[in-house]
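First up is the structure itself, then whatever we jot down about it.
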Amino acid sequence: MTRFPVRPDYTHSILNLSNSILADFGIPPYHATLPVLDGILAHGAYRHVVLLVCDAMGSMNLDELVPRNSFLLQHRKNSISSVFPPTTTAATTTLMSGLSPAQHGWLGWQPFFPQLNDAVELFPNNIPDRLTEASGGTHARITHPDEHPPFSAGGTLLPYRSNIGRIAETENVLTALYAPFLSEDNPNRVHEFRDITAAILGMSAQENRTYTYAYWPEPDGTMHRTGVTSGETHSKVEIIDRELSVLAHRLTEQEKVHREYGKTLVIVTADHGHIDNVGIDINEYTDILDMLTSVPSLEPRAVAFFVKSEYQKIFPAVFFSHFSQDDFLLLPKTEFLTGGLIGPVTQDIPQNALVGQMVGDFIAIATGNKSIFNSAENAAFHKGMHSGLSEKELSVPLIVF
């Protein structure tokens, strides 16, 4: 069995955090809860519960980006684990559902679906890459059709029940989701981080119990573009730190004046951490592309390779003729699926049937600072990256106030 350099701790993770929230609203959790959060929630001690996810604001990243006396670090209770792969699709779906990646199946940004014979970017529902196989003496090549599948791949093929939906069914509980990815005509769409804090303050002025889930895409976008510790990244996190400090003060004042509103608990975490990245363009390795039946998929630091049957025995040797074992683990599908990386399953909710079809014949897991992209443009663009197997990518904060 493969010895992983680090691995998710599914007893002390965002999976357990999500299930603690379900339990606090009297809903049977799917998995074990998070004891430190259970002690704070104290079975309904707070009328208003908020979960705020700041994309890529990892715990080790915070240590680099804000001073020790910052609001965020002063209110960090401890660090917990993300899921594998530590990426937005897998992690936010766990936070929104209480299910492990093995169960919900949203394993990566761009998984392969045999039903479509394409790898689809789940959130934008886009087909960015396609493999033209080698033939007639020509090498395989990756094209970029930029097409949309005929239906929502994620919503149709990987449906799940959200925590918001389950909690909303509870009597006298109001729920809300605030995020910038909502449609333009949705009143809960946010444009600035201050919109989120204003929405939280408004939800906390309800006399009913409430649950609010909010998502903010920074500092992830800036880290991808400029690097993990750039000046721009510092500025994005400083805004979050400052605005949450103001929110905490306003909530305290509101609770003093309006005791009838009850108490509010804001839980802040991240979906994953982030590392500085060295991008690799897979198109430079035509011998690898020639062995494949479809485009490399899933994630740049957790790459699923679908290998032609006649090349499966030699594929590992060819892969490691180009890449170092210090930078990547290369696991056969069975070894990956039985290794526990993508989380626990239950008798009631087993592994999603599509998971085994998404991970290819081999999956290359990055353990160093390198990532494999399907274009030279993406390899050059991404100064920061995530979805690999490092402590920095897996460690996220548990911040409460």
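The sequence shown runs 236 to 636 under my numbering. Virtual Cβ for every residue (Gly too), placed ideally from N, Cα, C. Since we're looking at a predicted model, the values are computed, not measured.
Quiz item: For residue 536, does the count of other Cβ atoms within 10 angstroms reach 16, so buried, or fall short, so exposed?
Solution: Counting Cβ neighbours within 10 Å, residue 536 comes out buried, since at least 16 surround it.
Quiz item: Could you check where the alpha helix (DSSP H) with residue 553 kicks off and where it finishes?
Solution: For residue 553, the uninterrupted alpha helix (DSSP H) run begins and ends at 550 to 557, by DSSP.
Exercise. Look up residue 253 in the DSSP assignment and say whether it is helix, strand or coil.
Key: Helix, per DSSP.
Quiz item: Just to confirm, are residue 593 and residue 340 a CB contact at a threshold of 9 Å?
Solution: Cβ atoms of residue 593 and residue 340: closer than 9 Å.
Quiz item: So the alpha helix (DSSP H) residue 468 belongs to, where does it begin and stop?
Solution: Per DSSP, residue 468 is one residue of the alpha helix (DSSP H) stretching across 466 to 492.
Quiz prompt | Whole-angstrom C-beta distance between residue 322 and residue 250, which should lie under 8 Å | solution = Between the beta-carbon of residue 250 and that of residue 322 there is about 15 Å, and that puts the pair past the 8 Å contact cut.
Quiz item: What are the boundary residues of the alpha helix (DSSP H) that residue 430 is part of?
Solution: Here the alpha helix (DSSP H) through residue 430 covers 428 to 438.
Practice problem: With a floor of 3 residues, list each beta strand (DSSP E) that falls wholly inside the region 526 to 603, ordered by position along the chain. | Solution: Runs found: 532 to 534, 537 to 540, 563 to 567, 597 to 601.
Quiz item: Is it right to say residue 338 is buried, meaning 16 or more other beta carbons lie within 10 angstroms of its own, or is it exposed?
Solution: That one is buried.
Quiz prompt | Proximity of residue 542 and residue 364 at Cβ, strictly below 9 Å | solution = Residue 542 is not a Cβ neighbour of residue 364, given a cutoff of 9 Å.
Quiz item: Does the beta-carbon of residue 259 have 16 or more other beta-carbons within 10 angstroms, so that it is buried, or is it exposed?
Solution: Residue 259 is buried by the Cβ-count criterion.
Quiz prompt | At least 3 beta-carbon pairs within less than 8 Å: the region 558 to 568 vs the region 474 to 484 | solution = In the pairwise beta carbon analysis, the region 558 to 568 is classified as not touching the region 474 to 484: fewer than three pairs are separated by under 8 Å.
Quiz item: Between residue 552 and the ligand PLP, is the CB less than 8 Å from at least one heavy atom?
Solution: The ligand PLP is absent from the structure shown, which contains no ligands of any kind.
Quiz item: Nearest to residue 561 by alpha carbon, out of 585, 608, 602?
Solution: When each option's Cα is compared against that of residue 561, the closest is 602.
Quiz item: residue 605 bridges to which residues according to DSSP?
Solution: Looking at the DSSP assignment, residue 605 forms a beta bridge with 513.
Self-check item: residue 273 - DSSP class collapsed to helix/strand/coil
Solution: DSSP places residue 273 in helix when its eight states are reduced to three.
Quiz item: Just reading off the alpha helix (DSSP H) that residue 632 is part of, what are its end residues?
Solution: Unbroken run through residue 632 is the beta strand (DSSP E), 630 to 635; no alpha helix (DSSP H).
Quiz prompt | Reference residue 375; option with closest CA among 611, 520, 629, 356 | solution = Nearest C-alpha to residue 375: 520.
Quiz item: Should residue 282 be labelled buried (16 or more other beta-carbon atoms within 10 Å of its own) or exposed?
Solution: Counting Cβ neighbours within 10 Å, residue 282 comes out buried, since at least 16 surround it.
Self-check item: Selected residue, minimal CA-CA separation from residue 238, among 508, 588, 571
Solution: Taking only the C-alpha atoms, the option nearest residue 238 is 571.
Practice problem: Check residue 312 in the structure and name its three-state DSSP category. | Solution: DSSP, reduced to helix, strand and coil, places residue 312 within a strand of the structure shown.
Quiz item: In the structure shown, what three-state DSSP assignment does residue 417 receive?
Solution: Residue 417: coil per DSSP, three-state reduction.
Quiz prompt | Those residues which DSSP pairs with residue 620 across a bridge | solution = Residue 620 is bridged by DSSP to 510.
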